[in-house]
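Encoded as structure tokens, the structure appears first; notes follow it.
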Amino acid sequence: MSQPIRKIGLLTSGGDAPGMNAAIRAVVLTAAAQGIDVIGYKHGFNGIFSNEYQQIHRAEVLHIIQQGGTILKSARCKQLEQAGGPEQAAELLDKNGIDALIVIGGDGSFRGCQAIAPFYQGQIVGIPGTIDNDVDGTDFTIGFSTALNTALDAIDKIRDTADAFERIFLIEVMGRHTGYLALAAGIASGAEQIICPEYGEVDINDLLQDIQQIQQQYGRSSYIIVIAETMYPAGATTLAAELTRASGIECRACVLGHLQRGGSPVGSDRILATKLGAYAVEQLLLGNAHLMMAGEQAGLAVLFPLSLTGDKKKQADPYLLDWQQRMLQDSSPAKE
Ligand code: F6P
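Reading the sequence shown from the start, the letters are residues 1277 to 1612 in this note's numbering.
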């Protein structure tokens, strides 16, 4: 396992996230400083099967820190999930002389790493990159902060038009089955309601009651609901129509969708990506990082077992969850 490392394979996998390029840059520059080649595989793990790879030279990454997306392209990989897929991937990596593989992605991508590992002679290390922030072992994933800012930019604009028309707005944000993005976007935008898995299912009657109470207290005004995708199976647009019917107030839906995945990474994502990219390479060279993820906890770079990254033990801040709800309760008397 501790063979000298001359060639590192690198790929980005799963949903792309702003800051993946910054992580690629950090990996390539850190490796180059040690005289190690980095071979970039295209389209996630698919590039291993299709032999789509090429060396990434230092000069190619010098000016990509500010770019969204990923220069290596990303994808999910069906072939890796099929019988014999992991064995074949490992064989191809060994055949290409890849001494270690670094995968930038989420916990699904890290499951792919673990599937390959028993058949592969080199080390495998993960770097958490996903806008969902749903990876255990790291306080933040690369891309989350940018996606949050993008969502806020959109919600702030929607607040203007919602105020002008005194409408209810439902804004659907991404996050797969977790509410990190919805909670953060809801709190930071001053939304009246946040609907996310951590708060449980949507109860339309409770929602209506809250809207009516606020209108009684303060008269007509805008009312913003940030909702995590998957929380209303029929979709935010259907929920908006139902709320309009039930409340008599115009309610509109806005699904932010893939907008949240794009754009130039914010400073904190660039810094996190740079730190974790460099740390992953350094720990690899020290022989510490096999089947580990390079994450960040309490501001420090740490190694965390890849096998635990999908345990879903990471919790949305309970203090914020509680206060968001209590803060908006109003017990003052109704408006005359
Ligand atoms: O994991 C990132 C993510 O953007 C999720 O928030 C979302 O549920 C999913 O990917 C969307 O996937 P796709 O790009 O395949 O539609």
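The beta-carbon is built from N, C-alpha and C at its ideal position, and this holds for glycine as well.
Check, Outcome
"Hey, would you say the C-beta of aspartate 1408 is under 7 Å away from at least one heavy atom of ligand 1?", "yes"
"Is aspartate 1482 helix, strand or coil by DSSP?", "helix"
"Would you check if the distance between the CB atom of glutamine 1559 and the CB atom of leucine 1579 is smaller than 8 Å?", "yes"
"What are the start and end residues of the alpha helix (DSSP H) that includes methionine 1603?", "1594-1603"
"Which class does glutamine 1397 belong to by DSSP, given the choice of helix, strand or coil?", "coil"
"Which residue comes first and which comes last in the beta strand (DSSP E) that contains phenylalanine 1445?", "1444-1449"
"Going by DSSP, name the residue or residues bridged to histidine 1332.", "Here residue 1332 is isoleucine; the residue named in the question, histidine, does not match the sequence. Note: isoleucine 1332 sits in no beta bridge, so no partner."
"Can you check the segment 1481-1555 for any beta strand (DSSP E) of at least 3 residues that lies completely inside it and give the ranges in chain order?", "1499-1504, 1527-1531"
"Using three-state DSSP, classify valine 1411 as helix, strand or coil.", "coil"
"Cβ of histidine 1319 within 7 Å of any heavy atom in ligand 1?", "no"
"Taking the C-alpha atoms as reference points, what is the distance between glycine 1291 and glycine 1381?", "7 Å"
"Per DSSP, what kind of secondary structure is aspartate 1429 in: helix, strand or coil?", "helix"
"Would you please state the rounded distance, in angstroms, between the beta carbons of glycine 1388 and methionine 1296? I believe it to be under 8 Å.", "Actually they are not in contact, since the Cβ atoms of glycine 1388 and methionine 1296 sit about 16 Å apart, beyond 8 Å."
"Which whole-angstrom value is the C-beta distance of aspartate 1410 and isoleucine 1284, which I expect to be below 8 Å?", "No, aspartate 1410 and isoleucine 1284 are not in contact; Cβ-Cβ is about 26 Å, not under 8 Å."
"Express the C-alpha separation of arginine 1282 and glycine 1398 in angstroms, rounding to a whole number.", "11 Å"
"Sort Ile1500, Asn1481, Asp1486 by Cα distance to aspartate 1432 and report the nearest one.", "Ile1500"
"Suppose the cutoff is 6 Å on Cβ atoms and the five residues either side in sequence are ignored; what does the same chain contact list for glutamine 1620 look like?", "Nothing can be reported for residue 1620: it is not among the residues displayed for the chain, which extend from 1277 to 1612."
"With C-beta atoms as the reference, is aspartate 1412 less than 8 Å away from lysine 1551?", "no"
"Can you name the residues that DSSP bridges to glutamine 1573?", "Leu1576"
"What are the uninterrupted segments assigned as alpha helix (DSSP H) that are 4 or more residues long and contained completely in the segment 1318-1394, given in chain order?", "1322-1325, 1334-1337, 1354-1357, 1361-1371, 1383-1392"
"In or out: leucine 1286 buried (at least 16 other Cβ within 10 Å) or exposed?", "buried"
"Would the segment 1298-1311 count as touching the segment 1350-1370 if we require 3 or more Cβ pairs under 8 Å?", "no"
"Could you check the C-alpha separation between methionine 1277 and histidine 1566 for me, to the nearest Å?", "Legend: pLDDT at methionine 1277 = 47, less than 50; position of this residue unreliable, no value from coordinates given."
"Tell me whether threonine 1514 is buried or exposed, calling it buried when 16 or more other Cβ atoms sit within 10 Å of its Cβ.", "exposed"
"Would you call threonine 1614 buried or exposed, if buried means 16 or more other Cβ atoms sit within 10 Å of its Cβ?", "This structure cannot speak to residue 1614, because the chain is shown only from 1277 to 1612."
"Can you tell me where the alpha helix (DSSP H) holding glycine 1462 begins and where it ends?", "1456-1465"
"Whose C-alpha, out of Gln1600, Ala1510, Ser1523, Pro1394, is nearest the C-alpha of tyrosine 1475?", "Gln1600"
"Kindly give me the distance between the Cβ atoms of tyrosine 1396 and alanine 1366, rounded to whole angstroms, as I take these residues to be in contact under 8 Å.", "4 Å"
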